[in-house]
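What follows is a set of notes on a single structure, which appears directly below.
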Amino acid sequence: MWAMVSYRFLDALGQVVAEGDHPDHAAALEWARIEEETADGVNRVEYFGPDKHWRWAGPLQA
Numbered sequence: 004m005w006a007m008v009s010y011r012f013l014d015a016l017g018q019v020v021a022e023g024d025h026p027d028h029a030a031a032l033e034w035a036r037i038e039e040e041t042a043d044g045v046n047r048v049e050y051f052g053p054d055k056h057w058r059w060a061g062p063l064q065a
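Counted the way my numbering counts, the sequence shown spans residues 4 to 65.
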């Protein structure tokens with residue numbers, strides 16, 4: 004069984020525009036690259052780490 008990780012997706016101003024659970028960073032970053040749910044798009048992806056803080060998930064462009 005896979006553990007899901009909580010992610011939040013932020014716009015250019017740092018405002019949360021979407022949240023969701025994904026199996027890993029790659030899946031969350033891929034969702035952010037192709038998402039069409041938000042008006043301004045996603046500029047940053049963060050995940051809720053084991054230390055109970057939001058952490059950067061990685062660059063949107065590979």
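Don't be surprised by glycine CBs; every beta carbon is placed ideally from N, CA and C. As the structure is a prediction and not an experimental result, all values here were calculated from the model.
Residue i - containing beta strand (DSSP E), residue span
i	result
A21	V19 to H25
L13	V8 to L13
Whole-angstrom distance between residue j and residue i, CA atom to CA atom
i	j	result
E39	W57	23 Å
D27	L63	14 Å
F12	I37	12 Å
A6	Y50	13 Å
V8	D24	5 Å
D54	Y10	14 Å
Neighbour-count burial assignment, residue i, 16 or more Cβ in a 10 Å radius
i	result
L16	exposed
A31	buried
A29	exposed
V48	buried
Proximity below 8 Å, CB of residue i to CB of residue j
i	j	result
G44	D14	yes
T41	A60	no
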